[in-house]
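Numbering (UniProt numbering), first residue to last: 1 to 115.
Just so you know, even glycine gets a beta-carbon here, dropped at the ideal spot from N, CA and C.
These numbers were taken from a predicted model, which means no experiment stands behind them.
Take a look at the structure set out below.
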Amino acid sequence: MKLANTQVQMRKGILEYCILTIISKGEVYASDIIQELKEAKMMVVEGTMYPLLTRLHRAGLVEYRWVESNAGPPRKYYQLTSQGKAFLEGLQMTWEQLTFSTNHIISNFEKPDES
């Protein structure tokens with residue numbers, strides 16, 4: 001088993017949650033989402049981002065509107081739907097439970113200092 005494979009799977013598992021959280025702050029352009037993720041050290045590429053945004057749109061969790069741009073083609077700006085807000089609330093509760101449980105387990109099995 002390779003560590004890198006497990007790390008990728010862990011990141012994929014929380015990417016949707018992170019993206020929905022970023023979009024929940026207000027209307028946002030896809031490159032802004034990518035920038036936020038990169039600043040947070042979440043590895044993501046456009047080839048991953050756009051299919052995920054399309055899937056979230058098809059699921060009714062996000063909607064978008066086209067905005068004309070002076071610097072090129074029109075841009076899609078994303079925002080959460082009411083269904084997306086409810087979905088995100090469920091993910092937030094799940095995240096809190098998972099982090100509590102994980103931290104509990106880790107703290108119970110941490111090695112004491114061998115000084």
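Counting the other Cβ atoms within 10 Å of the Cβ of residue 33 gives 16 or more, which makes it buried.
In the DSSP assignment, the residues bridged to residue 29 are 77. Contact between residue 88 and residue 80 is confirmed by a C-beta separation of about 7 Å, below the 8 Å threshold.
DSSP places residue 39 in the helix class (H, G or I) of the three-state scheme. DSSP, reduced to helix, strand and coil, places residue 67 within a strand of the structure shown. Around residue 83, the same chain offers 60 and 61 as residues with beta carbons nearer than 7 Å, after the five sequence neighbours per side are excluded. Between the alpha carbons of residue 15 and residue 102 lies a distance of about 18 Å.
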